[in-house]
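Here the structure comes first, spelled out in structure tokens, and everything after it is commentary.
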Amino acid sequence: MTESMVGYEISVGGHMGATIRSAFPDLQTRVRGHHTVLSGVFADQAALYGALAQVEALGLELIEVRRLPRP
1002 MTESMVGYEI
1012 SVGGHMGATI
1022 RSAFPDLQTR
1032 VRGHHTVLSG
1042 VFADQAALYG
1052 ALAQVEALGL
1062 ELIEVRRLPR
1072 P
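Under the numbering used here, the sequence shown has 1035 at position 34, and the numbering climbs by one with no breaks.
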């Protein structure tokens, strides 16, 4: 991970099916309780905002955005 790249977790309500997960090809997904967590490394803030815009465009309920600690 370069200095500018930062890891984030984006939690959304419900469980995502394969079709919706395919909208986030660069992110890993896992189920945590009643939420789906998308996680990955973003090159910059614009990339993070792009993923958040996709969450909104798909009508997903945004629960939490969490910056991951650097290794």
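For each residue, glycine too, the CB sits at the ideal point set by N, CA and C.
Asked, Found
"Assumed close pair residue 1031, residue 1038 - CB separation to whole angstroms, cut-off 8 Å", "5 Å"
"Best match in 1036, 1059, 1047 and 1068 for proximity to residue 1020 [C-alpha to C-alpha]", "1059"
"Three-way DSSP call (helix, strand, coil) for residue 1057 in this model", "helix"
"Residue 1022 - containing alpha helix (DSSP H), residue span", "1019 to 1022"
"Neighbourhood of residue 1067 by C-beta distance below 6 Å, restricted to the same chain and skipping five residues each side", "1010"
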